[in-house]
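Peer 1:
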Amino acid sequence: MTAADREGDASLRPALAGDGGQWAERGGSGIDRRAGSGGSGIDRRALVDRHAVELTGIVPESPLSVGNGEFCYTVDVTGLQTFPGSYPLSNPGGTGAPGTLLGTQAQWGWHSVPGGRAYDLAETRRAYPTPRGPVEYVDMRGALSGVAEAPESPAEAWLRSNPHRLDLGRIGLVWSTRSTGRAGTRAPEPTELTGPHQRLDLWTGTIDSRFRLAGTPVRVGTACHPERDLLAVRVESALLAEGLAVRIAFPYGSQEWSNAADWSRPSAHSSTLRPTPDGALLRRTLDDTAYSVAVGLPDGARILHIGAHEFLVTAGSPVLELVVAFTPGAGPAAVTALPSYAEVVAASGRHWAGFWGSGGAVELADSRDQRAIELERRVVLSQYLTAVHCAGSLPPQETGLMVNSWRGRFHLEMHWWHGAHFPLWGRPHLLERSLGWYAGILPQARETARRQGCAGARWPKQVGPDGRESPSPIGPFLLWQQPHPIFLAELVHRSSAEPETVLRRYADIVFESAAFMADHPVRSDRGYQLGPPLVPAQESYAELRHQLSNPTFELAYWSWGLRTAQRWRERLGLAPEPSWERVAAGLVRPYVRDGVYTAVDVPPYTVRDDHPSMLYALGLVPPTGLVDPEIMRATLHGVLADWDWASTWGWDCPAIAMTATRLGEPRTAVDALLMPVPKNGHLPNGHNRQTAALPVYLPGNGGLLAAVALMARGADADAGRPTPGFPDDGQWTVRHEGLHPMP
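Here the sequence shown is numbered in our numbering, starting from 100 and rising by one per residue.
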């Protein structure tokens, strides 16, 4: 079968077809030849405005957020956090009360519950046989799920749960009953809400919510300051003179898997109020964690301390403009002058107009394929969501700054999926905010490598801001996060206006990553091999970690990463490292069985669920001498024929689309990107829901943007090719500008 035959193979399409649910340099025109020959640029305001999110009721899985990468506030249909129980959050395996999707989180907001004693990661290490002799790995005798070797130890439990990300507070509407100096409250019932209409204006980053409460109109405006952890709210209603008020409440930190708020321990923390000229300063203390909340109030408004951790804001007029600023620590810096509501809205508008007016844009609305407008919606909303949730000073957790997953701890193997798209879309500075974090944990990463008998730095998997690994039967054995800092730094270098500065800034991260990658493989009679032990990106083999070796994806990624690090040495005028080239050229060839690549080179070779990671050896990973394109083509079509799609994850479909694009199969790429499988949908708010335990999944949004950048702009080898990932069949009109090519 020729490539042309494969492109026209109708048997693939029914199984894959979905029904959709400073200006940068101009990119290629895609299939719309007009845009590449003097046509006008994309009308970015129109592109963004047609995908503004509008809701006319409570959509439990799809709340809206405002944020800036460092801070995020998620609201219900009232524009506040009035009905947290209507947006439930699953808490798998937990013993506490169910949580809510309506979180308030900041990058600095972390907490640790005091342990019974000082737990040490050494308590969780176990020696594994390796080709270089016994090596100690952080492990876990308990299991993540299923049958455990033994119950989770106290050390494992504490080290996996601390530090955890905090829900900083809840701000919502309440009915108040006031007497002299005191007030009681009652939360409104959802049945009291009628006629809601809510709009997230993407161009300004603001939310306008209109509804009736007990039959009376209410309007709420919600905005986040682009440079401060500061929320601004405007409530307008005659009800403000009749008992409607705003309640601010604070929880304790939670060690539960997903619930960041524990409301059951009021005696474990403290909340105090001190009046200020413009309102009040609320100070919070949770064990060793402290933060301040400055509340700015208009004339006539009052704030009362009505419970241990509850504060009531009442208005003196039908309009209440409230500004709430969150600050780490309890010092006087929290009392810095607060802007007005109008100033915050104006700043948000300038910021988001600048965001949408710079970097990349892709327009698909003139396409004839019925899926195009849904894909365009996903692309626009994913840009907003990743800017809010993934563009902060720490690598993001999978659920961003909306809710917790894995107790808020972030997964470094996901960092590529969260952030690689930023430089591809001409916004490298948004990735650089978190990329520099690796330099701060170099000492820990070097110590991990040293303990395993290797040079360089071995990056952890599941961590908090301190960079400490979490006990796990999977995370410490993963390898595919190791080349990520090299790839991410390379993308920043390629898209930056100051590439020489980028080289110097990230050289240590790149070189320390490569030093471990060159030292870790062990020479065998077939070449330099990876493992055992290891767990590949396809984590289905975790129980076999003591015997696994040479996963196809990791071998290719290892080769590409080492050679890219070598190019960084050349760019900086440094002599090449002979071992880097020796290992890159001498790696074991990926295993081929029945004409296709296997996931690993030992039994069971390929388990047909979870990530089909062998495909990503040519897709996410640029071409290397290790991978034969025709064998990969056969592997791709074998996966498409019989994989367990319900077990895949939100970034798998974008990753498959990248593989198809690299292989020159644009129809397969589009069909894969829009595959109608359970974890490839995007909610009205644009989030990529996976399960009740992962109600949002930012790697799916970031993966979509990376795939579309490759499909529209192409890679270096695609110079001159219009939109290599979209078929030239008259069904797709693709305009793009400001995108950068993939390596």
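Ideal placement from N, C-alpha and C gives every residue a C-beta, glycine not left out.
None of the values given here were measured: they were computed from a predicted structure.
Here's the rule: buried if 16 or more other CB atoms are within 10 angstroms of the residue's CB, otherwise exposed. What is A805?
Peer 2: The residue is buried, with at least 16 neighbouring Cβ atoms inside 10 Å.
Peer 1: By how many angstroms is the C-alpha of R364 removed from the C-alpha of W659?
Peer 2: In a straight line, the C-alpha of W659 is about 51 Å away from that of R364.
Peer 1: May I ask you to report which of helix, strand or coil DSSP gives W515?
Peer 2: Three-state DSSP puts W515 in a helix.
Peer 1: Spell out the partners DSSP gives R834 in its beta bridges.
Peer 2: Answer by DSSP bridge pairing, in chain order: E462.
Peer 1: At the level of alpha carbons, what is the spacing between R467 and G829?
Peer 2: Straight-line Cα distance between these residues: approximately 7 Å.
Peer 1: Could you compute how far the alpha carbon of V502 sits from the alpha carbon of Q354?
Peer 2: One C-alpha to the other measures close to 13 Å.
Peer 1: Kindly indicate if chain D contains any beta-carbon less than 9 Å away from that of A254.
Peer 2: Here there is only one protein chain, and chain D is not present.
Peer 1: Taking just the CA atoms, how far does A486 sit from P635?
Peer 2: P635 and A486: Cα-Cα distance of roughly 29 Å.
Peer 1: Compute the Euclidean distance between the alpha carbons of A344 and D386, then round it to the nearest angstrom.
Peer 2: C-alpha separation (whole angstroms): 30 Å.
Peer 1: Mind pulling the alpha helix (DSSP H) runs of 4 or more residues that sit fully within the region 252–289?
Peer 2: The region 252–289 contains these whole alpha helix (DSSP H) runs: 253–260.
Peer 1: Does the region 831–839 come close enough to the region 802–820 that 3 or more CB-CB pairs lie under 8 Å?
Peer 2: As far as the Cβ criterion goes, the region 802–820 touches the region 831–839, which means the pair count is three or higher.
Peer 1: Looking only at its own chain, which residues have a Cβ that is under 8 Å from the Cβ of L437, when we skip the five neighbours before and after it?
Peer 2: Correct list, in chain order: L329, D377, G378, A393, G395, V422, A424.
Peer 1: Exposed or buried, what is T790 when buried is set at 16 or more other beta-carbons lying within 10 Å of its beta-carbon?
Peer 2: Under this definition T790 is an exposed residue.
Peer 1: Nearest by alpha-carbon distance to L686: which of R668, A792, E589, T651 is it?
Peer 2: Residue T651 is the option with its Cα nearest to L686.
Peer 1: In three-state terms, what does DSSP make of C752?
Peer 2: C752 falls in the helix class under three-state DSSP.
Peer 1: Taking all protein chains shown into account, do 16 or more other C-beta atoms lie within 10 angstroms of the C-beta of E462, making it buried, or fewer, making it exposed?
Peer 2: The residue is buried, with at least 16 neighbouring Cβ atoms inside 10 Å.
Peer 1: Would you mind giving the Cβ-Cβ distance between G208 and R264, rounded to the nearest angstrom? I have them listed as a contact below 8 Å.
Peer 2: At roughly 6 Å, the Cβ-Cβ gap stays under 8 Å, so G208 and R264 are in contact.
Peer 1: What residue does the beta strand (DSSP E) around P374 start on, and which one ends it?
Peer 2: From DSSP, the beta strand (DSSP E) with P374 extends over 369–375.
Peer 1: DSSP three-state call for G135: helix, strand or coil?
Peer 2: Residue placement at G135 is poorly supported in this model, since its pLDDT is 30, which falls under 50; the coordinates are not used for a value here.
Peer 1: Rounded to the nearest angstrom, what separates N261 and P582 at their Cα positions?
Peer 2: N261 and P582: Cα-Cα distance of roughly 27 Å.
Peer 1: With DSSP as the reference, label M731 as helix, strand or coil.
Peer 2: Helix at M731.
Peer 1: Which residue comes first and which comes last in the alpha helix (DSSP H) that contains T600?
Peer 2: From DSSP, the alpha helix (DSSP H) with T600 extends over 598–618.
Peer 1: What number of angstroms, rounded off, separates the C-alpha of T822 from the C-alpha of G813?
Peer 2: C-alpha separation (whole angstroms): 7 Å.
Peer 1: Exposed or buried, which one is T101 when buried takes at least 16 other CB atoms within 10 Å?
Peer 2: With a pLDDT of 35 at T101, under the threshold of 50, the predicted position of this residue should be treated as unreliable, though the coordinate-derived value follows. It counts as exposed.
Peer 1: How should D817 be labelled, buried or exposed, when 16 other C-beta atoms within 10 angstroms of its C-beta is the threshold for buried?
Peer 2: Result: buried.
Peer 1: How many Å lie between T229 and N649 at the Cα?
Peer 2: Taking the straight line from one Cα to the other gives about 13 Å.
Peer 1: What span of residues does the alpha helix (DSSP H) with R225 cover, start to end?
Peer 2: Note, R225: premise wrong, no alpha helix (DSSP H); beta strand (DSSP E) at 224–227.
Peer 1: So the candidates are R309, V334, A490, P527; which of them puts its Cα closest to the Cα of A596?
Peer 2: Taking only the C-alpha atoms, the option nearest A596 is P527.
Peer 1: In its own chain, which residues sit with a C-beta less than 8 Å from the C-beta of F825, not counting the 5 before and 5 after it?
Peer 2: For F825, where only same-chain residues beyond five positions count, the Cβ hits under 8 Å are G129, I130, P765, A768, V769, M810, A811, W831, V833.
Peer 1: Within this structure, are the beta carbons of S457 and W579 separated by less than 9 Å?
Peer 2: Going by C-beta atoms, S457 is not nearer than 9 Å to W579.
Peer 1: Give a yes or no on whether the C-beta atoms belonging to A452 and W302 are separated by under 9 Å.
Peer 2: Yes, these two residues count as a Cβ contact at 9 Å.
Peer 1: Going by DSSP, what residues sit across from I306 in a beta bridge?
Peer 2: DSSP output for I306 lists L299, T321 as bridge partner(s).
Peer 1: Name the two residues that bound the continuous beta strand (DSSP E) containing Y236.
Peer 2: Unbroken beta strand (DSSP E) run through Y236: 234–237.
Peer 1: Helix, strand or coil: how does DSSP classify A814 here?
Peer 2: Strand, per DSSP.
Peer 1: With a CB to CB cut of under 6 Å and the five nearest residues on each side skipped, what residues in its chain are close to T388?
Peer 2: Contacts found: H210.
Peer 1: Can you tell me which of the three DSSP states D361 falls into?
Peer 2: Strand.
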